[in-house]
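Worksheet: the structure to be examined is printed underneath.
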Amino acid sequence: MGEVLHLGALGAAGLGACCVALDGPRPRVRELLLSLVMLAAMLDIVTGASVLPVVGWSALVTVLAMALGARRRRTPEPAALTRMRVSSAIGAVLMAALMLVMPGGHGGGAAASHHGSSATLVIGALVAASGVFAVSSLLAARRAHRLDRVQHLAMSASLLALAAAALVQPH
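With the working numbering, letter number 3 in the sequence shown gets 3, and the count goes up by one each step, no holes.
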């Protein structure tokens with residue numbers, strides 16, 4: 001069951017990366033880089049290729065999410081783009097945290113290996129945060145353009161699949 005959820009999360013992440021790549025006349029480079037790294041991390045974990053340890057992928061995704069969230073331009077950007085950028089950054093941080101609590105993989109489940117009860121609390125908090133993120137994204141998708149709408153929904157689906165995988169796999 002966990003493998004099916006991971007594959008679903010991977011498919012949704014791929015769809016989201018496509019939306020970023022196709023959106024607008026100019027590519028959103030930081031957001032595209034973050035999407036591609038998240039996709040690579042999930043692919044690495046699903047296939048067990050071990051290109052990087054899970055902690056390395058999580059750190060890289062978190063750093064890129066922070067870079068996406070930081071904006072140093074002098075020109076204003078449309079509110080919809082700001083919302084999409086912030087949503088992508090928050091979703092990426094949640095995804096990075098969920099990767100760390102995944103059991104099984106090459107180094108995953110680090111939290112679960114030491115303190116069972118605290119790991120359960122962390123997983124519960126991440127599942128709840130993913131649910132809140134999904135509801136927020138659904139609301140944002142209602143007023144977004146088509147590609148942004150798909151990106152909101154794809155990130156939500158990916159996070160919910162990862163959260164469900166964290167719940168159904170033994171820790």
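All C-beta atoms, glycine included, are put in the ideal place defined by N, C-alpha and C.
With a 10 Å radius around its C-beta and 16 neighbouring C-beta atoms as the bar for buried, classify G16 as buried or exposed. Burial call: buried.
Where does G91 land, buried or exposed, given buried means 16+ other C-beta within 10 angstroms? Buried is the call here.
What three-state label does DSSP hand E77 in the structure shown? In the structure shown, E77 sits in coil (DSSP, three-state: anything other than H, G, I, E or B).
Under a Cβ-count criterion, where at least 16 other Cβ atoms within 10 Å of its own Cβ denotes burial, should G107 be classed as buried or exposed? Here the model assigns G107 a pLDDT of 45, short of 50, so the residue's position is not dependable, and the following value carries that caveat. G107 comes out buried.
Check A70 in the structure and name its three-state DSSP category. In this structure, A70 counts as coil in the three-state DSSP scheme.
Contact the stretch 66 to 81 vs the stretch 42 to 52: 3+ CB pairs below 8 Å: With the cut-off at 8 Å, the stretch 66 to 81 and the stretch 42 to 52 do not touch.
Can you check which of these residues, L43, L10, E3 and V122, is closest to S156 by C-alpha distance? Per the C-alpha coordinates, the member of L43, L10, E3 and V122 positioned closest to S156 is L10.
Within the same chain, show all residues whose beta-carbon is closer than 7 Å to that of A149, passing over the 5 residues directly before and after it, in chain order. According to the sequence displayed, residue 149 carries Arg and not Ala. Excluding sequence neighbours, R149 sits near A141.
For a quick check, are the C-beta atoms of V168 and G2 less than 8 Å apart? Taking C-beta atoms as the reference points, V168 and G2 count as a pair closer than 8 Å.
Pair within 8 Å by beta-carbon distance, S130 and L159: Going by C-beta atoms, S130 is nearer than 8 Å to L159.
Neighbourhood of V37 by C-beta distance below 7 Å, restricted to the same chain and skipping five residues each side: Taking V37 as the centre and dropping the five residues before and after it, the same chain places the C-beta of L60, V61 and L64 closer than 7 Å to its C-beta, in chain order.
To the nearest angstrom, how far is it from the Cα of A164 to the Cα of A21? Between the alpha carbons of A164 and A21 lies a distance of about 28 Å.
Test item: CB-CB of M66 and L162 under 8 Å: Going by C-beta atoms, M66 is not nearer than 8 Å to L162.
State the DSSP-derived secondary structure class of Q151, mapped to helix, strand or coil. Three-state DSSP puts Q151 in a helix.
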